[in-house]
Structures are given as C-alpha cells and as structure tokens.
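Residue numbers for the sequence shown follow the numbering used here, beginning at 508 and rising by one.
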Amino acid sequence: MGERVAVETPHPRAAAGRVAERLDGRRLEAVEAVGKNLLLSFEGGLVLRSHLRMSGRWQVVERGGARRGTPWLVLSGAEREAVLWNGPVLELSARAARRLGPDILASPPDTSAMVANLRREPGGRELGDALLDQRLVAGIGNVWKAEALWHAELSPWLRLGDVSDEELERVLGEAATLMRASVDGTRATRSVYRKSGRPCPRCGATIRSRGQGDDNRTAYWCPTCQTGKELPAA
Ligand SMILES: [Zn+2]
508 MGERVAVETP
518 HPRAAAGRVA
528 ERLDGRRLEA
538 VEAVGKNLLL
548 SFEGGLVLRS
558 HLRMSGRWQV
568 VERGGARRGT
578 PWLVLSGAER
588 EAVLWNGPVL
598 ELSARAARRL
608 GPDILASPPD
618 TSAMVANLRR
628 EPGGRELGDA
638 LLDQRLVAGI
648 GNVWKAEALW
658 HAELSPWLRL
668 GDVSDEELER
678 VLGEAATLMR
688 ASVDGTRATR
698 SVYRKSGRPC
708 PRCGATIRSR
718 GQGDDNRTAY
728 WCPTCQTGKE
738 LPAA
C-alpha cells in the first residue's frame, strides 16, 4: 500500500473489464476485507472489488519471479507484486464499497440492517439466492449459506415473501455464529454442504442438491426438516 503500482491483466477474461488501463500507474491507497470481499482503493476514488469464491487466490511475491500459468491480475510495486489467480469476481467501480451490505463477520453483525435489505428485495426471490447477494449481506459464501439454512431449519427454496423477520434473523444469526467460529479456528462438522445423497444428521432423510439463482450455485438441503420444501418445477 502507498505505492504507485503497475497493473496487468494477463488473463483474457480479466482483460475484458479494462481494469489494467484504468488502474495502471495509480497509487494503491488502501486494502480492506469486507466479508469475503477484498476492496482495493486506488487514488482517484476507484475501488476494485475481488471475491475469490472457492477457487481464487491472492499471493504476494517478489517482483518479477517465475510464474506458472496465467494470473488474472498482477499489481507490481517497486519490490513486490500481488498476483490474483482465478479471480472469478473482479469489479472496478467508483462506489464498490457502498454497494456492499453489512458485514456478517462484524461484531456484532448488524442483522436488522440485513433484514431491512432483504425486505426490499422482490418477495418472489428465493432465500438461498438472496443470502449470497453481497449487496444485501456481505460475506456469506455458498458453504455457510447451506449450513446456516440447515441450522435454521429453513429451505433455500423459500420465497422471501414467505419468510418472517424472525426467520431471517435466525438464519443470519446462524451464519454469523458458524462463520465466526470458523474464523476463530474451530473446525465445524458440515451437515449438508456436499453431502448430497447422504442422510440428514437431524432427521435421516436424504440430502439433496441443485443449482440455484442466476449464478447456478449449488444449494444443499434436507427436504424433510428444512421447512418450505417445495421446489419450483424443473
Ligand atoms: Zn433433515
């Protein structure tokens, strides 16, 4: 931080966003984690948002070292460089920070503001999809979405219009508790995530999985003890 950085986007999918042209030579002023988002603030008010999902990785190495593969983004300072591998979400804007919802890992998390954000969404939107929307709640990824919904005994397929405020508070509280324990190093047993076809640890029914939302992220759930079990017709 504090240096002017040379910016390259060797990966063609990253190059499409013209990130390098817009950031090259600017001073990197701040780097901040908000939930699982990394926000890099550059002079001139530009903010680059990076979210790694399951596969991405940032690495800080000596400048000009050997590399294998094609990174998404390289920020080079005088001596070191930050290299982003497999950056599925890379968004440059002047307002990226303000467009994120409250951080689920804040202590305490502002669950009433999160509920208010969820309440402003269309009532037909599915709960499991809305919980991954970083504009509403920052920081919940696909693993903890599945686990929090199971703990809260709510189906990912429930429509927001059919979920009470108390139920939203409950699932957000479960997500915050599980994620905080994970950050603190407690190894949690996963109940449904990637357990498709196995028995539910609570009721013994068979756990199911199916893609959900515009990004088709896989939802895992127990069709028996997570209420709102109806699925839309395929
Ligand atoms: Zn169950």
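All residues carry an ideal CB built from backbone N, CA and C; glycine is no exception.
DSSP puts N742 in a beta bridge; with which residues? With the chain covering 508 to 741 only, the question about residue 742 has no answer from this structure.
Closest Cα partner of T684 within the set G571, W664, I611, V538: Mapped onto the sequence shown, residue 684 falls at position 177. It is I611.
How about the region 646 to 662 and the region 726 to 735: do they share at least three Cβ pairs that are nearer than 8 Å? Counting C-beta pairs closer than 8 Å gives three or more between the region 646 to 662 and the region 726 to 735, which meets the contact rule.
Which residues bound the beta strand (DSSP E) around R724? Within the sequence shown, residue 724 is the residue found at index 217, counting from 1. Start and end: 724 to 728.
Stretch pair the region 588 to 608 + the region 626 to 642: three plus CB contacts closer than 8 Å: Flag = yes, the region 588 to 608 and the region 626 to 642 touch.
Could you compute how far the alpha carbon of D669 sits from the alpha carbon of E660? Within the sequence shown, numbered from 1, the residue matching residue 669 stands at position 162. Within the sequence shown, numbered from 1, the residue matching residue 660 stands at position 153. About 14 Å.
Exposed or buried, what is E528 when buried is set at 16 or more other beta-carbons lying within 10 Å of its beta-carbon? If you number the sequence shown from 1, residue 528 lands on position 21. Here E528 is exposed: its Cβ has fewer than 16 other Cβ atoms, across all protein chains shown, within 10 Å.
Checking 8 Å against the spacing of the C-beta atoms, do L559 and V526 come in under that value? Position 52 of the sequence shown holds residue 559. Position 19 of the sequence shown holds residue 526. In this structure, V526 does not lie closer than 8 Å to L559 by Cβ.
For V596, the first and last residue of its enclosing beta strand (DSSP E): Taking the first residue of the sequence shown as 1, we reach residue 596 at position 89. For V596, the enclosing beta strand (DSSP E) stretches over residues 596 to 600.
Please name the residue or residues paired with W664 in a DSSP beta bridge. Your numbering for residue 664 matches position 157 in the sequence shown. Paired residue(s): none; W664 is not in a bridge.
With a 10 Å radius around its C-beta and 16 neighbouring C-beta atoms as the bar for buried, classify M621 as buried or exposed. The sequence position of residue 621 within the sequence shown is 114, counting from 1. So M621 counts as buried.
Flag this pair as yes or no: are the beta carbons of R534 and E510 separated by less than 8 Å? On the sequence shown, position 27 is the one that residue 534 refers to. On the sequence shown, position 3 is the one that residue 510 refers to. For R534 and E510, yes; Cβs fall inside 8 Å.
Report the option in A523, L547, S716 whose CA atom is closest to the CA atom of V699. Translated into the one-based positions of the sequence shown, residue 699 becomes position 192. Nearest C-alpha to V699: S716.
For A522, I'd like the list of residues in its chain whose CB is within less than 8 Å of its CB, leaving aside the five on either flank, ordered along the chain. Here residue 522 corresponds to residue number 15 of the sequence shown, with the count starting at 1. Taken in chain order, the residues that qualify are T516.
Measure the beta-carbon distance from W664 to G692 and round it to whole angstroms, keeping in mind my assumption that it falls under 8 Å. In the sequence shown, the residue the question calls residue 664 occupies position 157. In the sequence shown, the residue the question calls residue 692 occupies position 185. For W664 against G692, the beta-carbon gap comes to about 33 Å, at or over 8 Å, which does not count as contact.
Given the structure, does R804 come close to ligand 1, in the sense that its CB is under 7 Å from one of the ligand's heavy atoms? Summary: the structure shown does not reach residue 804, with the chain confined to residues 508 through 741, and so no result is reported for it.
DSSP on R529, reduced to helix/strand/coil? Start at 1 with the first residue of the sequence shown, and residue 529 comes out as number 22. R529 falls in the helix class under three-state DSSP.
Going by beta carbon distance, what residues of the same chain come within less than 7 Å of E539, once the five residues before and after it are set aside? Residue 539 sits at position 32 when you count from the first residue of the sequence shown. These residues qualify, in order along the chain: L546.
Measuring alpha carbon to alpha carbon, tell me which residue in T713, L591, E586 is nearest H518. For the purposes of this step, residue 518 is taken as residue 11 along the sequence shown, with counting starting at 1. Distance check between H518 and each of T713, L591, E586 places L591 closest, using alpha-carbon atoms only.
So who's on the other strand from V568, going by DSSP bridges? Counting from one through the sequence shown, the residue named residue 568 turns up at place 61. The partner list for V568 (beta bridge, DSSP) reads E588.
With respect to the alpha helix (DSSP H) encompassing R717, which residues constitute its N-terminal and C-terminal limits? For the purposes of this step, residue 717 is taken as residue 210 along the sequence shown, with counting starting at 1. Where R717 is concerned, there is no enclosing alpha helix (DSSP H), although the beta strand (DSSP E) it sits in stretches over 715 to 719.
Under 7 Å from any heavy atom of ligand 1, does the C-beta of T734 make it? The sequence position of residue 734 within the sequence shown is 227, counting from 1. Not one heavy atom of ligand 1 is found less than 7 Å from the C-beta of T734.
Spatial neighbours of A740 in its chain, beta-carbon cut-off 7 Å, leaving aside the 5 residues before and after: In the sequence shown, the residue the question calls residue 740 occupies position 233. In this prediction, A740 has a pLDDT of 48, which is less than 50 and means its spatial position is unreliable; nothing more can be read from the coordinates.
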